[in-house]
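Chains as they are written, first to last, in the numbering used here: chain H, 1 to 287; chain Y, 1 to 270.
Virtual Cβ for every residue (Gly too), placed ideally from N, Cα, C.
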């Protein structure tokens, strides 16, 4: 009889943490989202769907969804750049490891450090302006973070700089796991580089590309560090999570912030479900 | 021609990656007067001027930041590895009811973006009395981890069960098998988890920012972030502090390159 329960003993710590810090918060969040709780009161006043109505009708709240668009578009650029470099570095290249290391390295850096590096780069008369002037594009200088028309593009660019390395290494790994004989066979059949890319590499890394798109969508909806550190959400750069953070921890509107978080969570789960439908995963098997 | 285009693109990309970092390195070695009068692309007059590093180190209490980060990192990593391997042992070596359900719970949790649930998680951590203690960051780093359990399960399945059975014949208990046979064989998977989790914890900003408000509890990220206000006009000091934070990452990357690539790939695709 003891044997039957032994497994639960080994699982207990992991399950306890999982339930306490993931499932209980999610459940509480749903409850909070129907109240006007401020995080301190003993009682929670129910307000029905008011918080949800506000998230979708008050411009301050739904506008932050649009900001995700900048990061979403940027993540396409990120995937394209990463794919290009993964393909060229999967063939014979001099200093291959050096280039691989350089391209990947930004991903490992501390987010606050990255934020400061780019604050410095985007300063008026800073590095970017100097380089533009040097290249004869002096009239293209801007207040990169001060001008609301440009600020989100600058921040999304920072995000591309930071995360391209991850996509690149994932793609490179997937390409290298394609057996070499397939390329040789294709060469004998007279396939050119484009054909090899289109018919061998792309199908070989389809799964990782689809995973990258999912990460791109949920990533662009939950952008926090870069705008929070660099602009604090000023100049029209407030993202969904920055807004939720301020609502919860500065204005103490836990109910409203919970409604925002529930909406975000539902969107992420929906998108993941759609992706699973479109590109069936290799089944995760257990024994 | 095609070859040339390939190398040109690689060199341009390398420049785009490195230039933002190099100019910060330049700034870190400049005096305040020199910083104000020279352009960002001009190298510093003296590479031996470490005043900014000294200011950043003492004013930013970076030693404290590194110490706090190290303590949290060491406890969280040890805990993750123990909890994760135990759970993986149960999942791969025992038969029990609701196994699929448990796996599903871990799977679905992996989809919940951690930043969104902090509104509610904060209330729980607060009710445990852990806010503003290192314990808050530690339990959250332990609790948010699903990927490690996956890596452990995958690896454990490659260890032949006949080893367990042989040991059981010799009268070893289940726990002895875990401790004497499974755990020692798990070293490569443990290294992978330690690397990806270690990097993630070292770089984490939101959790320490939210839960470790007291300046005495600063970790690396929050210690650096605190520079933004008071040193806003002294970029040379901020630059030095940024370099202090980046340096350990550079060293670790150069030493452990191969493991890091493998770990990151395993962590993201599992």
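At a cut-off of 4 residues, the continuous stretches assigned as alpha helix (DSSP H) that sit fully inside the segment 162–214 of chain Y are 187–203, 206–211. Interface with chain H (7 Å Cβ-Cβ cutoff): residue 6/Y is included. A residue is called buried once 16 or more other Cβ atoms fall within 10 Å of its Cβ, and residue 127/H is buried on that count. Using a CB distance cut-off of 7 Å, residue 120/H counts as an interface residue toward chain Y. The C-beta of residue 173/Y has fewer than 16 other C-beta atoms within 10 Å across all chains shown, which makes the residue exposed. Residue 29/H is positioned such that its CB atom lies no closer than 7 Å to that of residue 90/Y. Among the residues facing chain H, residue 256/Y is not included, as its CB has no counterpart in that chain under 7 Å away. Remark: C-beta atoms of residue 242/Y and residue 16/Y do not approach each other more closely than 7 Å. Within 9 Å of the CB of residue 123/Y, the CB atoms of chain H belong to 25, 28, 32, 39, 254, in sequence order along the chain. Between residue 145/H and residue 231/H, the gap from beta carbon to beta carbon is short of 7 Å. C-alpha of residue 13/Y to C-alpha of residue 43/Y: approximately 21 Å in a straight line. Scanning the segment 13–40 of chain H for uninterrupted beta strand (DSSP E) segments of 3 residues or longer gives nothing; none is fully contained. Contact between residue 220/Y and residue 66/Y holds: CB atoms are separated by about 6 Å, below the 8 Å threshold.
Taking 7 Å as the threshold, the shortest C-beta distance from residue 246/H to chain Y does not fall below it. In the three-state scheme derived from DSSP, where H, G and I count as helix and E and B as strand, residue 46/H is classed as strand. Comparing alpha carbon positions, the residue from 123/H, 67/H, 151/H, 39/H closest to residue 39/Y is 123/H. If you draw a straight line from the Cα of residue 222/H to the Cα of residue 216/H, it comes to about 10 Å.
Residue 51/H carries a helical assignment under DSSP once its states are collapsed to helix, strand and coil. A contact between stretches requires three or more CB pairs, one per stretch, nearer than 8 Å, and the segment 201–208 of chain H meets this requirement with the segment 162–182 of chain H. Around the C-beta of residue 265/Y, 16 or more other C-beta atoms lie within 10 Å, and the residue is accordingly described as buried. At a cut-off of 7 Å between C-beta atoms, residue 263/Y does not count as an interface residue with respect to chain H. Taking a cut-off of 8 Å for Cβ pairs, the segment 88–105 of chain Y and the segment 146–156 of chain Y touch, as three or more such pairs fall below it. Residues of chain Y whose Cβ lies closer than 9 Å to the Cβ of residue 229/H are, in chain order, 205, 225, 228.
Contact annotation, residue 214/Y with residue 132/Y: C-beta distance approximately 5 Å; criterion of less than 8 Å satisfied.
Put simply, the segment 46–54 of chain H does not touch the segment 65–82 of chain H. Fewer than three CB pairs are less than 8 Å apart. Considering only beta carbons, the part of the segment 7–22 of chain H lying closer than 9 Å to chain Y consists of 7, 8, 9, 10, 11, 12, 13, 14, 15, 16, 17, 18, 19, 20, 21, 22, in chain order. With respect to residue 112/H, residue 229/H sits close: the two C-beta atoms are nearer than 7 Å. With a cutoff of 7 Å on beta-carbon distance, residue 106/H and residue 165/H are scored as near each other. About 18 Å separates the beta carbon of residue 76/Y from that of residue 183/Y, a gap too long to meet the 8 Å contact definition. For residue 148/Y, the secondary structure class from DSSP, reduced to helix, strand or coil, is helix. Residue nearest to residue 276/H within the set 212/H, 219/H, 81/H is 212/H (criterion: CA-CA distance). At a cut-off of 7 Å between beta-carbon atoms, residue 66/Y makes no contact with chain H.
Counting of Cβ neighbours within 10 angstroms places residue 58/Y among the exposed residues, the total staying below 16.
In this structure, residue 181/Y lies near residue 163/Y, with their beta-carbon atoms less than 7 Å apart.
Using a CB distance below 7 Å, the part of the segment 67–92 of chain H facing chain Y consists of 85, 88, ordered along the chain.
Ranked by how close their Cα comes to the Cα of residue 217/Y, the residues 137/Y, 146/Y, 201/Y have 137/Y in first place.
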